[in-house]
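Report on one structure; see the data block that follows.
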Amino acid sequence: MRRSLAIVAVAALALSACTTTTGGTAGSGSTEVVVAGTYPIDSIDPHGPQGGGTGPQMAEQAIFSRLLRVKPDGTLEGDLATAWKSDPTASEWTFTLRQGVKFSDGKPVTAKDIVDSFKRFIDLKGTNSANFPGYTLASTSDTEVVLKAPKPDAAIPRKLAVFFVLPSGVTANDTAFFERPVGSGPFRLERFSPNEIVFVPNEHHYGGAPKVSKVTVRKMPELAARLTALRTGEVDIAWGIPDDQLPAVQGESSLTVQTVQSSAVFTMWFNSSIPALKEAAVRRALWQAIDFQTIIKQLYPQTGTPSEGVVSANTLGFVKQEPVRHDPAAAKAALTAAGFDFNQKLRLQFANAEFRPFNQAVVSELQKIGVQVDLLEKEQAVFTKDLLALNWDINFQQLSNPTLDAANTIGRLYPCAAKRNGYCNPQLDQLLAQAGASADEKERVRLYGEAARIIWQDAVGMFPMAVKHAYAWNKRLSGFTPDPNGLPSFAGLQVGS
Amino acid sequence: MRRIPYVVLAIYALVGGLGPLFIDYNPVRASLEDRLRGPGSQVSTGIAWLGTDGLGRDVLAQVVYGARTSVVIGLATVVVSCVIGVAIGTVAGYFRGWLDTVLARGIDILLAFPAILLTIVIAGAFERSVLVVVTALSATAWISFARVTRGIALSTRERAWVQAARVLGVPRISILVRHILPFTAGPVVALATLEFALVVLAEAGLSFLGIGLPNSAVSWGQTIANGKQYLATAWWISALPGIALSLLIVNIGILGDQLTARYGQRGRRS
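Quick mapping for you: the protein sequence lines, in order, are chains A and B. Just so you know, we're using this note's numbering here: the first sequence kicks off at 2 and counts up by one. Just so you know, we're using this note's numbering here: the second sequence kicks off at 1087 and counts up by one.
This is how it looks when you write it as structure tokens:
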């Protein structure tokens, strides 16, 4: 009896062991994750002309490492660097490098690779290299690199989140390299075609190889296609879901839906260089005339909140400003008092159809007090060209800031020399110069806050809404963190609980 | 049965012509509290019989004002392209020689180019306005008129009465106007109805793509495009103007066929 019991026990043990093994194999076979790509990925050369776009950056951060990166919560995290510090003037920054980091081909990442990459980054003049005019990077030892800026720049660590490290020796148009790129990021590129990009884990990654067996980013620019694929399980992760479609996605039991506060703020500049909008009183009155509260409540019930400042609340340099109260009667009176010409038509320009309803609602609000606005929806390229040429009266933009530092928005866009919105105020220039030069974070927040108060009160633009991004992903995934800039990392993903 | 297209078109003309007098509509004014209400809902301005769109604007009013826009743009384009096409076609066909060679080859070149592509290029290159849309659509629509009338002019110029007129010393312009042009009328009218349908469709297409009429104008194409993302939840925004558009096109097509059968024989052969 005892013997037979033992046999049964052994058999049960063997059986259970067996099931675990089989289960394990089946599981690892299906640990592929499919992501619906919102933006096109035309290039994976992080230093090239297209490398700075949102789509390419998402791919680049999977394949390559950076010195530092910004975590979804807005704090800085060392990637290739483990520590960083500046000299007292904030114009010279020293980075201590992580030891034992290897590229996906097994070769070690050296200080020379980093220095050469920075040189390539500056030489190729991609959009992001404009953040580093005249900066130089040099290695002082095998474990340390030093970045020198021509003038004090406290925002350097955050700005470096857009600088990716390649092995040294990659030339400008090295197509052979980018067909089989070698990087030190969590993934290795397996296949890259215009419609699909496939990553597999990088076994040599310093943080350990990702647990999923494959990540496929499939290009799906059409919203309806993305949502259908999400519902049927064809894709596991999608984002950029508009409010009108959110309830349907939230009703799906197989999906987790989460909105995350982004760095983006709806920014509607007035062209202060045209006679009609020269007076701050006129610009303030126009802002006051629009019932943004209702527009946001109706059009963006879940992903929009009234903005409380020039930059988003999670950006360094955010200081809360006094809300602008909707009062059309006062607005009309102020416009009349300022001698505003109601027969003139203002040109409001924007790009991307997703913002059409919002802008149409704004035009409707302004019409209620007799201000005529021509709504001009432009192609992205035309929009950008006209934006820089100041060929508009009111400009709508969803302004994001992946560095999460006000230097990149307030500091870059509002000085007189920037010539981005026709506004020029020497007092503001001085504040911005001080803020840019200060190494003390608290002092910078204070200075940017003061600058933002001038921008807000002089109504250089309207800052109606802070944007949340809506993410949805399949419940079979764990370890996914929505990213405020639409640049989620896939390194921590796991399939099954 | 043969009357049906006439009746339907009369209704469209009536609605397009008189409807705006009875229904007040401001395309710029949004009423966000009333957005995405179904047909027959009570909204702040009364009852929305065909529902409201994503900005709370009445769909019925958009269908009615859209009918007017479509008819006006269709007529304007057909008249412009008809005048240009008939003038070029008769001149080429009657005078022949080098003038005909140049014009006919020019027409061939334009025909080789996809019409809708050329229209999109022209419409996309300029700021959106009614004039640009009419110009862009006329730029390709005149070609068929020119081809048909050239064929008729080519055969008519050899007829006895034309030769008699020439012998009598009638000025060439008079021969063209009095002895050739009248014979193009039948086929041209038949062709004009078919072209009208194509133009209405093309205008809706351009507006759908966002390169047609400005936002301050009402066009079926725009309304259909606005409803695209609500197809699953608010079908009425796209479906109802779409039905209005297809009914119009189908009826013009039937009418065009009837007219072609009656007048267009010669036109068809060329």
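Ideal Cβ positions, reconstructed from N, Cα and C, are used throughout, including at glycine. Just so we're clear, the structure is a prediction, and the values are computed from it rather than from any experiment.
Taking Cβ positions, are residue i and residue j nearer each other than 8 Å?
i                : j                : result
D406 of chain A  : P416 of chain A  : no
T260 of chain A  : H48 of chain A   : no
E61 of chain A   : L69 of chain A   : no
T1235 of chain B : V1274 of chain B : yes
V311 of chain A  : I411 of chain A  : yes
V146 of chain A  : P168 of chain A  : no
G1160 of chain B : V1304 of chain B : no
I1297 of chain B : G1210 of chain B : yes
T217 of chain A  : V36 of chain A   : yes
L347 of chain A  : Q322 of chain A  : no
L256 of chain A  : W393 of chain A  : no
A286 of chain A  : E366 of chain A  : no
A467 of chain A  : Q294 of chain A  : no
G1152 of chain B : T1309 of chain B : yes
T32 of chain A   : V213 of chain A  : yes
L1313 of chain B : D1139 of chain B : Position check: residue 1313 of chain B holds Gly in this sequence, whereas Leu was assumed. Cβ atoms of G1313 of chain B and D1139 of chain B: closer than 8 Å.
K160 of chain A  : T337 of chain A  : no
I want to see whether chain B comes within less than 8 Å of residue i, judged by CB atoms only; does it?
i               : result
S255 of chain A : no
V502 of chain A : With chain A covering 2 to 498 only, the question about residue 502 of chain A has no answer from this structure.
F481 of chain A : no
L300 of chain A : yes
D394 of chain A : no
D484 of chain A : no
Q368 of chain A : yes
G25 of chain A  : With a pLDDT of 32 at G25 of chain A, under the threshold of 50, the predicted position of this residue should be treated as unreliable, though the coordinate-derived value follows. So, not an interface residue.
F491 of chain A : no
Counting only Cβ pairs nearer than 8 Å, list the residues of chain A close to residue i.
i                : result
G1296 of chain B : A354 and E378
L1141 of chain B : P358, Q361, A362 and S365
Can you give the Cα-Cα distance for residue i and residue j, rounded to whole angstroms?
i                : j                : result
L231 of chain A  : V496 of chain A  : 16 Å
Y424 of chain A  : I456 of chain A  : 9 Å
Q428 of chain A  : V461 of chain A  : 14 Å
A1201 of chain B : I1266 of chain B : 29 Å
E380 of chain A  : G38 of chain A   : 21 Å
L247 of chain A  : W240 of chain A  : 11 Å
A1271 of chain B : N396 of chain A  : 52 Å
G209 of chain A  : A265 of chain A  : 32 Å
G1342 of chain B : S1293 of chain B : 25 Å
G53 of chain A   : N129 of chain A  : 6 Å
E1281 of chain B : S1324 of chain B : 24 Å
D124 of chain A  : H205 of chain A  : 29 Å
N409 of chain A  : N402 of chain A  : 7 Å
I370 of chain A  : T1131 of chain B : 19 Å
I297 of chain A  : P243 of chain A  : 13 Å
P222 of chain A  : I42 of chain A   : 11 Å
L1189 of chain B : R1214 of chain B : 30 Å
A354 of chain A  : V250 of chain A  : 21 Å
Q303 of chain A  : L1203 of chain B : 40 Å
F1199 of chain B : F1181 of chain B : 26 Å
N426 of chain A  : G437 of chain A  : 17 Å
Identify the contact partners of residue i in chain B, using a Cβ-Cβ distance below 9 Å as the criterion.
i               : result
T295 of chain A : L1118 and E1119
Let me see if you follow: with CB-CB separation under 8 Å, is residue i close to chain A or not?
i                : result
Y1151 of chain B : no
N1301 of chain B : yes
W1306 of chain B : no
R1352 of chain B : At R1352 of chain B, the pLDDT of 49 sits below 50, so the modelled position is not reliable and the matter cannot be decided from this model.
So residue i contacts chain B; which residues on that side make the cut at Cβ distance below 8 Å?
i               : result
D245 of chain A : L1122, G1140, Q1315, Y1316 and T1319
So with Cβ pairs under 8 Å, would you call residue i a contact of chain D?
i               : result
Q399 of chain A : As a matter of chain content, chain D is missing from the structure shown, whose protein chains are A and B.
Using a Cβ cut-off of 8 Å, which residues of the segment 215-240 of chain A contact any Cβ in chain B, in chain order?
-> If the cut-off is 8 Å between Cβ atoms, the segment 215-240 of chain A has L224 and A225 near chain B.
May I ask you to list, following chain order, the residues of the segment 1114-1131 of chain B that have a beta carbon less than 9 Å from some beta carbon of chain A?
-> So the close ones are V1114, R1115, A1116, S1117, L1118, E1119, R1121 and L1122.
Contact set between the segment 1312-1326 of chain B and chain A, restricted to residues whose Cβ is under 9 Å from the partner | Of all residues in the segment 1312-1326 of chain B, only N1312, K1314, Q1315, Y1316, L1317, A1318, T1319 and A1320 place a beta-carbon less than 9 Å from a beta-carbon of chain A.
Proximal residues, the segment 302-316 of chain A versus chain B, C-beta separation under 8 Å | Cβ contacts with chain B come from no residue of the segment 302-316 of chain A.
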